[in-house]
Amino acid sequence: MSDKPVICVGAALIDDIYLCKEKPISGTSNPAKFQRSPGGVARNIAHHLSLLGNNVELITHLGNDIDGQYLTGQCKSSGISITHTKINQTPTGHFVALLSPDGDLFVGAVSTHFESEIDIPFLVSKTSVLASAAILLIDCNLSIESLNWLLDLSREKNIPCIIEPVSVPKAGKLLSANLADVLLITPNYEEMEFINGKQTGNNIDASIKELKNRGVRNIWFRNGKNGSRMFSNNEVINLPAPPVTVVDSVGAGDAALAGWMHAYLLNKPNIECMRYGHALASLVLQSKGSVAEHVDSAILEKISETLP
Numbered sequence: 005m006s007d008k009p010v011i012c013v014g015a016a017l018i019d020d021i022y023l024c025k026e027k028p029i030s031g032t033s034n035p036a037k038f039q040r041s042p043g044g045v046a047r048n049i050a051h052h053l054s055l056l057g058n059n060v061e062l063i064t065h066l067g068n069d070i071d072g073q074y075l076t077g078q079c080k081s082s083g084i085s086i087t088h089t090k091i092n093q094t095p096t097g098h099f100v101a102l103l104s105p106d107g108d109l110f111v112g113a114v115s116t117h118f119e120s121e122i123d124i125p126f127l128v129s130k131t132s133v134l135a136s137a138a139i140l141l142i143d144c145n146l147s148i149e150s151l152n153w154l155l156d157l158s159r160e161k162n163i164p165c166i167i168e169p170v171s172v173p174k175a176g177k178l179l180s181a182n183l184a185d186v187l188l189i190t191p192n193y194e195e196m197e198f199i200n201g202k203q204t205g206n207n208i209d210a211s212i213k214e215l216k217n218r219g220v221r222n223i224w225f226r227n228g229k230n231g232s233r234m235f236s237n238n239e240v241i242n243l244p245a246p247p248v249t250v251v252d253s254v255g256a257g258d259a260a261l262a263g264w265m266h267a268y269l270l271n272k273p274n275i276e277c278m279r280y281g282h283a284l285a286s287l288v289l290q291s292k293g294s295v296a297e298h299v300d301s302a303i304l305e306k307i308s309e310t311l312p
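Those letters in the sequence shown? Residues 5 to 312, per the working numbering, in order.
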């Protein structure tokens, strides 16, 4: 494992989760149980990577408010460095999710000033620390301009770069991006179509070909309960999802990527990286909140060994 830090650039949010007692109905009030937890895609990934023993630097925005102070404490207690995080009077962002009784996301909404706070002048001021990364993880909560700047930097400094699309609307920010030499991108089918800016009639092969033509080295296609597929050069790896009883689906995709990254840093082959990702996602699916706090590298390795 590299001594260089894994640098995660993206959102840190407060997650407000409402688990509906019955199948949610739009346009009306739905009885639900409430829970609050730390969230944000980049922060969730950084949290798991730190629990797994990696050296992690999180570059994000936090408000100098109660929520920001809470997230600061959570990061420090989990071993995440936030030395280069921007903290000011702009409020901390929030994500609100309405879940169906089986834990699947019915609808979500996010409110954050992240795009305007983590702008190019701020990133330029962090060039030296960004250039020290073993891996650079960026999420699409960033602005289009900031995404492009980080992608250019990763190529200039020869840093492996991973992109997490976050959501269907935010994946569209990558439409005009130069994706040449991106190590990994992790879309579901709807996100792929927004990244490519075209409807391909459920033709996954056409969408994958488009991303490969744009220079992406690995595409990890997420398909929920149906597992996932990795498209790499001329290789396609299929991996079924492990059977679990879902408590809460929020953060499962973030966990999968953190598991993959941890195994990649251990120089594991791609299939093993995927197994680590599925293993960590399964733990989060069975937990409340977006992080499996009890996980460590030994637990994750043991679970991954039981997967097909």
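Where a beta carbon is used, it is the ideal one built from N, C-alpha and C, also for glycine.
Where do the N-terminal and C-terminal ends of the beta strand (DSSP E) with residue i fall, by residue?
| i | result |
| --- | --- |
| proline 42 | 36-43 |
| histidine 98 | 97-103 |
| histidine 65 | 65-67 |
| leucine 23 | 17-24 |
| leucine 269 | From DSSP, leucine 269 is part of no beta strand (DSSP E) but of the alpha helix (DSSP H) over 256-269. |
| arginine 226 | 222-226 |
| isoleucine 29 | No beta strand (DSSP E) contains isoleucine 29, which DSSP labels as neither H nor E. |
| arginine 279 | Premise fails: arginine 279 lies in the alpha helix (DSSP H), 274-289, not in any beta strand (DSSP E). |
| asparagine 92 | 90-92 |
| valine 170 | Here valine 170 belongs to no beta strand (DSSP E), and DSSP marks it neither H nor E. |
| cysteine 144 | That residue, cysteine 144, is in no beta strand (DSSP E); it is neither H nor E in DSSP. |
| isoleucine 11 | 10-13 |
For a test of the three-state rule: what should DSSP assign to residue i, helix, strand or coil?
| i | result |
| --- | --- |
| glycine 112 | strand |
| asparagine 3 | The requested residue 3 is not part of the displayed model; the chain covers only 5 to 312. |
| aspartate 300 | coil |
| valine 128 | helix |
| isoleucine 139 | strand |
| leucine 157 | helix |
| arginine 47 | helix |
| histidine 133 | Here residue 133 is valine; the residue named in the question, histidine, does not match the sequence. Three-state result, valine 133: helix. |
| serine 232 | strand |
| isoleucine 307 | helix |
| isoleucine 212 | helix |
| serine 253 | coil |
| serine 85 | strand |
| leucine 188 | strand |
| leucine 62 | strand |
| leucine 55 | helix |
Just mark residue i as buried or exposed, buried being the case when its beta carbon has 16 or more other beta carbons within 10 Å.
| i | result |
| --- | --- |
| leucine 179 | exposed |
| arginine 47 | buried |
| aspartate 252 | buried |
| glutamate 197 | buried |
| isoleucine 70 | exposed |
| asparagine 222 | buried |
| threonine 87 | exposed |
| serine 211 | buried |
| proline 191 | buried |
| phenylalanine 118 | buried |
| alanine 296 | buried |
| alanine 184 | exposed |
| aspartate 19 | buried |
| lysine 177 | buried |
| asparagine 271 | exposed |
| asparagine 58 | buried |
| arginine 226 | buried |
Would you grab the beta carbon distance between residue i and residue j for me? Rounded to a whole angstrom, and I think it's under 8 Å.
| i | j | result |
| --- | --- | --- |
| leucine 141 | glutamate 168 | 7 Å |
| isoleucine 21 | valine 254 | 6 Å |
| tryptophan 224 | leucine 188 | 6 Å |
| valine 60 | leucine 53 | 5 Å |
| valine 114 | phenylalanine 99 | 5 Å |
| leucine 155 | alanine 135 | Actually they are not in contact, since the Cβ atoms of leucine 155 and alanine 135 sit about 14 Å apart, beyond 8 Å. |
| threonine 1 | leucine 62 | This structure cannot settle anything about residue 1, because the visible part of the chain is limited to 5 through 312. |
| alanine 285 | alanine 259 | 5 Å |
| glycine 231 | leucine 243 | 5 Å |
| glutamate 26 | proline 105 | 6 Å |
| valine 250 | leucine 56 | Wrong, their Cβ atoms sit about 22 Å apart, outside the cutoff. |
Along the chain, where does the alpha helix (DSSP H) containing residue i start, and where does it finish?
| i | result |
| --- | --- |
| asparagine 200 | 193-200 |
| leucine 243 | No alpha helix (DSSP H) holds leucine 243; the beta strand (DSSP E) holding it covers 239-243. |
| serine 81 | 70-81 |
| serine 120 | 118-121 |
Let me check you understand the geometry: is the CB of residue i closer than 7 Å to at least one non-hydrogen atom of the ligand MG?
| i | result |
| --- | --- |
| methionine 234 | This structure lacks the ligand MG, and indeed carries no ligand of any kind. |
Legend entry - At least 3 beta-carbon pairs within less than 8 Å: the stretch 233-244 vs the stretch 25-35: no
Inset, instruction - Tell me, please, whether the stretch 38-55 touches the stretch 142-162 by the rule of three or more beta-carbon pairs shorter than 8 Å. - result: yes
Inset, instruction - Assess, as a yes-or-no matter, whether the stretch 169-176 is touched by the stretch 64-80 under the definition of 3 or more beta carbon pairs within less than 8 Å. - result: no
Inset, instruction - Evaluate the contact criterion for the stretch 294-309 versus the stretch 272-280: three or more CB pairs, one atom per stretch, below 8 Å. - result: yes
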